[in-house]
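J.: So in the UniProt record's numbering, the last spot in the sequence shown is 517, and the numbers never skip.
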Amino acid sequence: MRDRADQLKEEVTLLFETCKDVEEKLKLVDVLQHLGIDHHFERRIAVALSDIHGAEFNSSSLHDVALRFRLLRQHGLWVSPDEFNKFKGPDGRFNAEVIDDPMGMLSLYNAAHLLIHGEVELEDAILFSRHQLETIIARNLKSSPLSQQVTRALRIPLPRTLKRIEALNYIAEYNQEQACNPSVLELARLDFNLLQLLHLRELKEFSRWGNNLYGAVELTYSRDRIVECYFWSYTIYYEQKYAQARIILAKIFVLATLLDDTYDMHATLEEGQKLNEAIQRWDESAISVLPEYLKNYYAKLMSTFKEIEDELKSEEKYYITYAVKAYQRLCKLYLQQAVWFHQNYIPSFQEHLEVSIISSGSPMLSVVSFVGAGDLATKEALEWAFGCTDAVKACGEIGRFQDDLAAFKHGKGKLDMATSVESYMKEHNVTGEEATAVISNLVEDAWKTINQARFERSSLVPAVNRVAYLAMSIMFFYQGSEDAYTFNKLSMNIIKQLFVKLIPIILDIILHSMCQQ
Numbered sequence: 001m002r003d004r005a006d007q008l009k010e011e012v013t014l015l016f017e018t019c020k021d022v023e024e025k026l027k028l029v030d031v032l033q034h035l036g037i038d039h040h041f042e043r044r045i046a047v048a049l050s051d052i053h054g055a056e057f058n059s060s061s062l063h064d065v066a067l068r069f070r071l072l073r074q075h076g077l078w079v080s081p082d083e084f085n086k087f088k089g090p091d092g093r094f095n096a097e098v099i100d101d102p103m104g105m106l107s108l109y110n111a112a113h114l115l116i117h118g119e120v121e122l123e124d125a126i127l128f129s130r131h132q133l134e135t136i137i138a139r140n141l142k143s144s145p146l147s148q149q150v151t152r153a154l155r156i157p158l159p160r161t162l163k164r165i166e167a168l169n170y171i172a173e174y175n176q177e178q179a180c181n182p183s184v185l186e187l188a189r190l191d192f193n194l195l196q197l198l199h200l201r202e203l204k205e206f207s208r209w210g211n212n213l214y215g216a217v218e219l220t221y222s223r224d225r226i227v228e229c230y231f232w233s234y235t236i237y238y239e240q241k242y243a244q245a246r247i248i249l250a251k252i253f254v255l256a257t258l259l260d261d262t263y264d265m266h267a268t269l270e271e272g273q274k275l276n277e278a279i280q281r282w283d284e285s286a287i288s289v290l291p292e293y294l295k296n297y298y299a300k301l302m303s304t305f306k307e308i309e310d311e312l313k314s315e316e317k318y319y320i321t322y323a324v325k326a327y328q329r330l331c332k333l334y335l336q337q338a339v340w341f342h343q344n345y346i347p348s349f350q351e352h353l354e355v356s357i358i359s360s361g362s363p364m365l366s367v368v369s370f371v372g373a374g375d376l377a378t379k380e381a382l383e384w385a386f387g388c389t390d391a392v393k394a395c396g397e398i399g400r401f402q403d404d405l406a407a408f409k410h411g412k413g414k415l416d417m418a419t420s421v422e423s424y425m426k427e428h429n430v431t432g433e434e435a436t437a438v439i440s441n442l443v444e445d446a447w448k449t450i451n452q453a454r455f456e457r458s459s460l461v462p463a464v465n466r467v468a469y470l471a472m473s474i475m476f477f478y479q480g481s482e483d484a485y486t487f488n489k490l491s492m493n494i495i496k497q498l499f500v501k502l503i504p505i506i507l508d509i510i511l512h513s514m515c516q517q
């Protein structure tokens, strides 16, 4: 299977050479990304997009213009929203003829979600295209790949969709497209299955590690989220070459979940203060200050970080310092939230965010995600992530707001402080409905910040995209203001599809080839 995949990679590589024009290159790159096999052709794709960015482009197709806009912006190459002016009348509104182009509408909708701050015309494009797509779906109940793609995009736009979930969906749809290339499809299916076998082996080994950890720490009040922590890490790094980063991130995620549950579900304020004191000291001798039931957790925390450091190459060992500092900062702010809870204090909205963006865990995970990440783990990337500015802060905002919207809808944990929704309601004397509307808009602003970071941090675009993947995973777990991390039955079906169910390879490819003859 692996030999066949290598052969197919060579065949697909040749497709870059045979593309006749910009439109063909765009469609090839788009298909490879949709199918989740673009990681095999990163250099080729980078060259192709650079060529496309510099080439003259005068297409009259809304789909092609929007596709070019989305692909270039996703890779940190600037494209002006003025590109869409050719489809508008003198009044600035889109022409009537584009309404009858469902593919163009879908492409416009997805592309416009890569807007940055101040791009009002793209906000208008989102509203316009969303209305048209909703109308198309309402009138046309016929199931087709396009209608399924529209339905998915209306739920979560493509630039915010987890790559592996989109690959799973698109692999099932691609063979119904007239332009389907059997070699590309076969490679996508083989690659998905090969990676799935790798991930399943990892998950089994990781589950053994996690079960041993839970058995050792004996924190019976904590949630068992071993599988979810691996899955969350996998959504950021699914590629084979990032196996080390994937496991490191998943392990620290489990440790952070135990820490979070301790503050949210069990610890008294005094116990929380002692736990924070020990973690700030970050020394095995600090175990003596802890209550008995937290000593095993602290010992495992120390030993796990030491094991991770030992696994890193000599020139990479300093990475762990950033991870430790990020973990210490997270714990410190968990304690601050506990203090507020025990004081029955509802902070101002701004005061809340100064603490709760970090306590969402996303900024800590952003830092840790670069430990063991090979070429992505530069000092510049680690400094940027720990600084918690632009995209990293925005990811924390998305994590905080999505979590709080779900908590406001379903209820908080017994030791949870007031949510940002409640802080906003109290400070501005508004209803819950009004507060949630404001906070939903702040989520959209955070996405604009992530999009903008691709241009403001041009040397860190690959790192920015990994932080964006973390934000995408948050949107997956909290879509519709649900909480599929706390209430894990909501996520188990997709986890089974990604890790257990193999994709059939041979029969459909044979049938497609016969249909093309």
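For glycine and all other residues, C-beta sits at the position ideal for the given N, C-alpha and C.
1) Under 8 Å, do residue 355 and residue 328 count as touching if we go by C-beta distance?
2) In whole angstroms, give me the CA-to-CA distance for residue 374 and residue 313.
3) Going by the CB atoms, is the gap between residue 167 and residue 252 shorter than 8 Å?
4) Determine the extent of the alpha helix (DSSP H) in which residue 476 is found, giving its start and end residues.
5) With DSSP as the reference, please indicate the residues paired to residue 94 in a beta bridge.
6) If the criterion is Cβ atoms closer than 8 Å, does the pair residue 333 and residue 420 meet it?
7) Given residue 66, which residues of its chain have a CB within under 6 Å of its CB, disregarding the five upstream and five downstream residues?
8) Quick check for students: name the residue ranges of the beta strand (DSSP E) that lie wholly in the segment 158–244, counting only runs of 3 or more.
9) Could you tell me whether the Cβ atoms of residue 361 and residue 387 are closer together than 8 Å?
10) Let me know if residue 493 comes out buried or exposed under the rule of 16 or more other beta-carbons within 10 Å of its beta-carbon.
11) Let me make sure I understand the geometry here. Which of 119, 35 and 504 has the alpha-carbon closest to that of residue 80?
12) Buried or exposed, going by whether 16 or more other CB atoms sit within 10 Å of the CB of residue 281?
13) Would you call the CB atoms of residue 396 and residue 346 closer than 8 Å?
14) On the CB-based measure, 16 or more other CB atoms within 10 Å of its CB, does residue 294 come out buried or exposed?
15) Would you tell me roughly how many angstroms separate the C-alpha atoms of residue 341 and residue 418, rounded to the nearest one?
16) Take residue 454 and list the residues in its own chain whose beta-carbon comes closer than 6 Å to its own, dropping the five residues that flank it on each side.
17) Is residue 159 buried or exposed, if buried means 16 or more other CB atoms sit within 10 Å of its CB?
18) Between residue 144 and residue 466, what straight-line distance do the alpha-carbon atoms span, to the nearest angstrom?
19) Using the C-alpha atoms, what's the distance from residue 435 back to residue 446?
20) With C-beta atoms as the reference, is residue 371 less than 8 Å away from residue 320?
21) My guess is that residue 427 and residue 349 are in contact by the Cβ rule of under 8 Å, so how many angstroms apart are they, rounded?
22) Tell me whether residue 347 sits in a helix, a strand or coil according to DSSP, three-state version.
23) According to DSSP, is residue 54 part of a helix, a strand, or is it coil?
24) Count Cβ pairs between the segment 127–141 and the segment 87–106 that sit closer than 8 Å; are there 3 or more?
25) Can you tell me whether residue 372 is helix, strand or coil according to DSSP?
26) Residue 403 by DSSP, collapsed to three states: which one?
27) Consult DSSP for residue 77 and reduce its assignment to one of helix, strand or coil.
28) What residues in its chain sit with their C-beta under 8 Å from that of residue 164, if we drop five residues either side in the sequence?
29) Please list the segments of the alpha helix (DSSP H) lying wholly inside the segment 241–283, counting only runs of 4 or more residues, in order along the chain.
30) In whole angstroms, what separates the C-alpha of residue 298 from that of residue 378?
31) Considering only their Cβ atoms, is the gap separating residue 256 from residue 330 smaller than 8 Å?
32) If you draw a straight line from the alpha carbon of residue 204 to that of residue 338, how long is it in whole angstroms?
33) With DSSP as the reference, label residue 128 as helix, strand or coil.
34) Relative to the C-alpha of residue 73, which residue among 393, 61 and 113 is closest?
35) Quick one, which of 212, 222, 300 and 3 has its alpha-carbon nearest residue 284's?
36) Hey, how far is the Cα of residue 433 from the Cα of residue 479?
T.: In short:
1) no
2) When rounded, the separation of the alpha-carbon atoms in residue 374 and residue 313 is 10 Å.
3) no
4) 461–477
5) Residue 94 is bridged to 88.
6) no
7) 107, 108 and 111
8) none
9) Using a Cβ distance threshold of 8 Å, residue 361 and residue 387 do not count as a contacting pair.
10) exposed
11) Closest by C-alpha distance to residue 80, out of 119, 35 and 504, is 119.
12) exposed
13) no
14) buried
15) Going by the C-alpha atoms only, they are around 7 Å apart.
16) 76, 461 and 464
17) With 16 or more other Cβ atoms within 10 Å, it is buried.
18) 31 Å
19) Their Cα atoms are separated by approximately 17 Å.
20) yes
21) 5 Å
22) coil
23) In this structure, residue 54 counts as helix in the three-state DSSP scheme.
24) yes
25) coil
26) helix
27) coil
28) 36, 234, 235, 238 and 498
29) 243–261 and 269–281
30) 29 Å
31) yes
32) 35 Å
33) helix
34) 113
35) 300
36) Just so you know, the alpha carbons of residue 433 and residue 479 end up roughly 17 Å apart.
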